[in-house]
Amino acid sequence: MTPHSTAGTTAVETIAPTALPPPPVPTPHKLRELAFAPHAGAIVELAATPDGGAVVTTDELGGARLWLSLDGKHEPAVLSLPEAEQLAIGRTADGLWIVARDQVGGLYIVKLDAKGRALSHVTVGPEPAIVGMVMTERGLLAWRADQTVVLVDADGAITARIPTEPHERVVAIGTAGKRAIALMEWGDGSHGVRWLGLDTTLAWGKPVKLQLDLTAPSEIALSPSGARIAVLSQDQSTVAVKAYDLASGKTLATGATNSATGELGFIDDNVIAVGSLEGISWLDLSAATPTLSEVVRATSPFARSGPVLAATKGRALTSTGGELALTTPSATEFLGYELVSPRFAEVAPNGQILVGVGETFSLLDAQLESVSSPALALPTGSAISQLEWLGGDDWLVETLKSGTTQWQLAVVDLAKNTSTLVRPDLKETHILAYEPATKLATLSFGSTSEVVRYDARTRAFDRVASVAKPSPYEQVLFVPTAPKLAGGTQLLHIQMRDRPTIKWLRDPAALDKPSATVTIEGSYAGSDAAGHVFLWRSTAGKLELAAYGVDGKPISTLPADGPVSLWPDATGSRIVEVGAHSIGLYRLDGTQVWLQNLASAQQALWLTDGSLAITSASGIARLDPATGAVVSARCGWRFGLSRSPHPPTPRLEPLCSQLAR
Numbered sequence: 000m001t002p003h004s005t006a007g008t009t010a011v012e013t014i015a016p017t018a019l020p021p022p023p024v025p026t027p028h029k030l031r032e033l034a035f036a037p038h039a040g041a042i043v044e045l046a047a048t049p050d051g052g053a054v055v056t057t058d059e060l061g062g063a064r065l066w067l068s069l070d071g072k073h074e075p076a077v078l079s080l081p082e083a084e085q086l087a088i089g090r091t092a093d094g095l096w097i098v099a100r101d102q103v104g105g106l107y108i109v110k111l112d113a114k115g116r117a118l119s120h121v122t123v124g125p126e127p128a129i130v131g132m133v134m135t136e137r138g139l140l141a142w143r144a145d146q147t148v149v150l151v152d153a154d155g156a157i158t159a160r161i162p163t164e165p166h167e168r169v170v171a172i173g174t175a176g177k178r179a180i181a182l183m184e185w186g187d188g189s190h191g192v193r194w195l196g197l198d199t200t201l202a203w204g205k206p207v208k209l210q211l212d213l214t215a216p217s218e219i220a221l222s223p224s225g226a227r228i229a230v231l232s233q234d235q236s237t238v239a240v241k242a243y244d245l246a247s248g249k250t251l252a253t254g255a256t257n258s259a260t261g262e263l264g265f266i267d268d269n270v271i272a273v274g275s276l277e278g279i280s281w282l283d284l285s286a287a288t289p290t291l292s293e294v295v296r297a298t299s300p301f302a303r304s305g306p307v308l309a310a311t312k313g314r315a316l317t318s319t320g321g322e323l324a325l326t327t328p329s330a331t332e333f334l335g336y337e338l339v340s341p342r343f344a345e346v347a348p349n350g351q352i353l354v355g356v357g358e359t360f361s362l363l364d365a366q367l368e369s370v371s372s373p374a375l376a377l378p379t380g381s382a383i384s385q386l387e388w389l390g391g392d393d394w395l396v397e398t399l400k401s402g403t404t405q406w407q408l409a410v411v412d413l414a415k416n417t418s419t420l421v422r423p424d425l426k427e428t429h430i431l432a433y434e435p436a437t438k439l440a441t442l443s444f445g446s447t448s449e450v451v452r453y454d455a456r457t458r459a460f461d462r463v464a465s466v467a468k469p470s471p472y473e474q475v476l477f478v479p480t481a482p483k484l485a486g487g488t489q490l491l492h493i494q495m496r497d498r499p500t501i502k503w504l505r506d507p508a509a510l511d512k513p514s515a516t517v518t519i520e521g522s523y524a525g526s527d528a529a530g531h532v533f534l535w536r537s538t539a540g541k542l543e544l545a546a547y548g549v550d551g552k553p554i555s556t557l558p559a560d561g562p563v564s565l566w567p568d569a570t571g572s573r574i575v576e577v578g579a580h581s582i583g584l585y586r587l588d589g590t591q592v593w594l595q596n597l598a599s600a601q602q603a604l605w606l607t608d609g610s611l612a613i614t615s616a617s618g619i620a621r622l623d624p625a626t627g628a629v630v631s632a633r634c635g636w637r638f639g640l641s642r643s644p645h646p647p648t649p650r651l652e653p654l655c656s657q658l659a660r
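When you line the sequence shown up against numbering that gives the first Met the number 0, it's residues 0 to 660, in that order.
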């Protein structure tokens, strides 16, 4: 049914330029280089530029990302946005602008340069509240709670405004190029559509004559040519879609899917994408009998928390988990990272880091870029548990033999892609350590703990000493040291029980002839190449972290705010403490060099070029050891398009976004 008093007319509000409110005052941003990281949670909101070339997304944990392109050449950049109920993104003459609509109808508008760096932002208050918006080639088209439609530019200024006619309410607006059509509710509760002119100002066109026989229409989409529309309605369990020809008013197709919520859009004049919680359905109007297809489902029931859809030229954009899915009726490509959460991160030659998960490994350079993808020559299906660099191209690798409880130890040559078994039949996993100065390697925490000497020429392990596990309640830990730094000490022998005993040994073959021995009330915390041993001990009812020298005597106390893991440097003069919410560098005498607030860090690696790398489940950062300043950071590798979904990301705020604050 059409409006009672104005059917067949055009109503335009004439407003003098002075009547439009002035633009809000922008807040400039300090120009900062971008940080790149995957989403930590499932994407919940998505918007694309009108040309479909750039995308903005937010996730369930509050993270926001800018996708400058969808060809795999630009990683998602970390954005700072308020929590958004709806997003929009458009292009300026020399960059982009992003709009976030909050739950109460206010707007946050940020302008970006061509690289995606924030230049400034403005806020638009919710008086009156914005209830919906869509980006067009002319600016942001928004409809408000006071039943007016406004056009907003990248500065937050209202450039045009028009009210609805009496007894009308805008439900939604669909756009294509410079065309716009509104889904309206009339005063008697019926629904219809009418054109909205965007050419020079906002102007209502005549209502379109068609029978919009849907119970509760909530979304509308306009085909690229402007000849057709699709309208969506939904109830608690069903999403219904109907397509109409605007010239004739005829219904072209109808369909329904079992879902509580939905979104829709045209990818061309014939094909409609319908997004739901489960995935995407397709409706092809060129078919002899157009029928809504079965849902092309997301990769898992937990990969989506709602319908996420943007229809662009030739394809629909949606999400699965924290990555984008670029879909057509015949194919889907996934845009994301092949390697996000390394299972391994180990010191490698030339200041590099070897990272890997499963059977996928990469060597990272000083900028944490992947410079090669070495293959480890191991039996198919072997599960790697530990890696230790032996020098040159040789790595000590511990694996669990496929389909067994048998552990194996091999020396792998990354350059030649060969491996040599040195312990084929281990009963359990061990803690591995290696000291290049003495070529001593140690295997600890097994039923038998060993000290061996590595022969790089023959790639063999020659046993130097061993000791059986004393009892079920004790463990033996061997740690090789650098004799020049440790006053001639080559090996630490730590007997772990209720009161640990530490022995400093000059001769690793003579376990019964220590140069010093100490037994304390406390627990072992770590050691370094200079033979210093760090112990948690209780003094006057207070837990403290004490350092002991090679003579078995305490030399200093290190500050520690709660439980920390220790990562000493190769010289025995500095120690990194990794805590739950921070990392700090200390000298051996307990002097703090710097402290960095950083949550969920796992390791601190002292690299062969003297630099420091911090690893977490969500990325790696290289720091300047002198100041703690970030030199480089990465939170994903091998970004690009794939025919299959990429591995899921950890539900942790990425290291890179923490550092970008």
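For each residue, glycine too, the CB sits at the ideal point set by N, CA and C.
Separation of residue j from residue i, as counted between CA atoms
i: Pro482; j: Ala545; result: 22 Å
i: Asp454; j: Ala625; result: 36 Å
i: Ser617; j: Ser340; result: 5 Å
i: Trp203; j: Glu167; result: 12 Å
i: Pro653; j: Phe460; result: 40 Å
i: Asn349; j: Thr556; result: 34 Å
i: Arg505; j: Leu565; result: 24 Å
i: Leu658; j: Thr648; result: 18 Å
i: Arg660; j: Thr256; result: 42 Å
i: Leu30; j: Val123; result: 23 Å
i: Thr489; j: Ala509; result: Correcting the residue type first, residue 489 is Gln in the shown sequence and not Thr. Rounded to the nearest angstrom, the two C-alpha atoms are 11 Å apart.
i: Gln85; j: Arg100; result: 5 Å
i: Gly71; j: Ala53; result: 12 Å
i: Phe301; j: Gly320; result: Unreliable placement is indicated for Phe301, whose pLDDT of 49 sits below 50; the coordinate value is still reported in the next sentence. Distance between the alpha carbons of Phe301 and Gly320 is about 7 Å.
i: Ile271; j: Ser280; result: 8 Å
i: His38; j: His645; result: 13 Å
i: Pro705; j: Arg342; result: Not covered by the structure: residue 705. The range shown for the chain is 0 to 660.
i: Met183; j: Ser119; result: 35 Å
i: Lys249; j: Ala171; result: 21 Å
Residue i and residue j closer than 7 Å at C-beta
i: Leu334; j: Leu316; result: no
i: Leu386; j: Glu345; result: yes
i: Ser656; j: Ala36; result: yes
i: Ser572; j: Leu584; result: no
i: Ser615; j: Ala632; result: no
i: Val517; j: Ile501; result: yes
i: Leu338; j: Trp636; result: yes
i: Leu169; j: Ala179; result: At residue 169 the sequence reads Val, which differs from the Leu that was named. Contact: no.
i: Gly138; j: Asp152; result: yes
i: Ala220; j: Gly264; result: yes
i: Val55; j: Ile108; result: no
Supposed close pair residue i, residue j - CB separation, criterion 8 Å
i: Glu44; j: Thr57; result: 5 Å
i: Pro223; j: Asp283; result: With a Cβ gap of about 15 Å, Pro223 and Asp283 do not count as contacting.
i: Glu262; j: Pro306; result: 5 Å
i: Thr163; j: Pro49; result: Not a contact, Cβ separation roughly 24 Å.
Nonlocal neighbours in the same chain, by C-beta distance under 8 Å from residue i, ignoring five residues either side
i: Ser381; result: Thr398, Leu399, Lys400, Ser401 and Gln407
Per DSSP, cross-strand counterpart(s) of residue i
i: Tyr472; result: Note: Tyr472 sits in no beta bridge, so no partner.
i: Asp244; result: Arg227
i: Lys541; result: Thr538
i: Asn257; result: According to DSSP, which records beta bridges pairwise, Asn257 is partnered with nothing at all.
i: Asn596; result: Ser581
i: Leu668; result: Residue 668 cannot be examined here, being either before or after the span of the chain that is shown, 0 to 660.
i: Asp58; result: Ile42
i: Arg452; result: Leu439 and Asp461
Cβ neighbours of residue i in the same chain (closer than 7 Å, five flanking residues each side left out)
i: Ser443; result: His429, Ile430, Val475, Leu476 and Phe477
i: Ser448; result: Leu442, Ser465, Val466, Val475 and Phe477
i: Thr8; result: With a pLDDT of only 36 at Thr8, under 50, the local geometry of the prediction cannot be trusted, and the value read off the model is given with reservation. The answer is none, since no qualifying residue turns up.
i: Ala18; result: none
i: Ser232; result: Leu213, Thr214, Ala215, Pro216, Ser217 and Ala239
i: Thr437; result: Pro479, Pro482 and Gln489
i: Met495; result: Glu473, Gln474, Leu476 and Tyr523
i: Arg462; result: Glu449 and Val451
i: Gly627; result: Leu584, Trp593 and Gln595
Close beta carbons around residue i, own chain, < 6 Å, minus the five adjacent residues each side
i: Leu413; result: Pro373 and Asp392
i: Ala529; result: Leu484, Ala485 and Gly571
i: Ala159; result: Leu150, Thr200 and Leu201
i: Gln602; result: Thr614
i: Leu425; result: Trp406
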